[in-house]
Amino acid sequence: MAMDYSVYQSLYTYMNSVLGQLQSLGTQSQTIGSLYSGKTQDDSLSFGETFRSAAGRMGVPESMDSIFEEAAEKYNVPINLLMAVGKAESGFNADAVSSAGAQGVMQLMPSTAAALGVDNAFDARSNIMGGAKYLSQKLQQYNGDVDLALAAYNAGSGNVAKYGGVPPFQETINYISRIKGYMGQELSTGKTVTTASGTSASQTRKNSGTAKNSLDATDLTQQLAEYFVGMMRLQMMSRVSSLGKGSSIGSLDSDSDYTSLW
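Using the working numbering, the first residue of the sequence shown is number -10, and each one after it goes up by one.
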């Protein structure tokens, strides 16, 4: 009895669309065959790693609070200080632009963002990470002096050096006072933002050790998990179809058929 593949048609169409998006995000040089083989043209990356990186660039919903927590831990900046700066700078608005041209949650100037490696200052994750990195640098520069670090963040290190301390600018003085006030509060953004993935394919490879074709389930969002399940089903359909007439589903080797994806 011939198998009825009609139940897979909508899934097949959907996954073709997803693959098209992947190809438009920098995988144009890869063939569908190479994607199914489990490897990219760069043999050091598995398909799973490449897929998660590309899917992340398509947009992943995250809690802004969790991004602040991650950034604070990564760059060793007190979480209450980091969030206070975010509130004072933009009110946690990822789309904020100042009259001077500062952008995003942490109000990074384009030149500063570029120096920090922030490609998109309006991506909340990238912006907060960049702001945390910059604030960490200032804290180190001034031996942990929060007032001087904040003064440099607001008015620039040049002015701190020029005046031998906090510049006598009313804006800067008020800025420091406002942030210290926020630091004493229990701040929460209460926001979910769509961001680029926090883990690049190269970072995934570095962190995966010897099991380079495996993915840590704790790193996956529900959205990406659904993508992976869909890909596994599509792979199953492709393998069953290739068996030809007279072959049985039981002849499939589940381990080889599914783990080759990753």
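We treat Cβ as the ideally placed atom computed from N, Cα and C, and that holds for glycine. In this text the structure is predicted, and so the values were computed from the model without any measurement.
* Sequence-distant residues of the same chain with beta carbon closer than 7 angstroms to D84, five excluded per side -> The answer, listed in chain order, is F111.
* **Option in Y164, G153, Q129 and A113 with minimal Cα separation from P67** => When the alpha-carbon of P67 is set against those of Y164, G153, Q129 and A113, the nearest one is in Q129.
* So which of A150, Q174 and L70 has the shortest CA-CA distance to Y123? -> L70
* To do: Pick out the complete beta strand (DSSP E) segments inside the stretch 135 to 186, 3 residues or longer, and give them in chain order.
  => 181 to 184
* To do: Could you check what DSSP says for V74 in three-state terms: helix, strand or coil?
  => If DSSP states are grouped into helix, strand and coil, V74 belongs with the helices.
* Reduced DSSP secondary structure (H/G/I, E/B, other) of Q30 -> Reliability of the predicted coordinates at Q30 is poor, the pLDDT of 48 falling under 50, and the value obtained from them is presented with this limitation in mind. The answer is coil: DSSP assigns Q30 none of H, G, I, E or B.
* To do: Go to P50, then tell me how far its beta strand (DSSP E) extends in each direction, as first and last residue.
  => V49 to S52 is the span of the beta strand (DSSP E), which, as asked, contains P50.
* Residue range of the alpha helix (DSSP H) that includes Y123 -> Segment A113 to Q130, the alpha helix (DSSP H) holding Y123.
* To do: Could you say which of M118, L105 and S52 lies nearest to V74 if we only look at CA atoms?
  => For the residues M118, L105 and S52, the minimum Cα distance to V74 belongs to M118.
* Asked: What separation, rounded to the nearest whole angstrom, lies between the Cα atoms of G90 and E78?
  -> Answer to the nearest angstrom: the Cα atoms are 13 angstroms apart.
* To do: Pull up the distance between the alpha-carbon of Y131 and that of N148, whole angstroms please.
  => 13 angstroms
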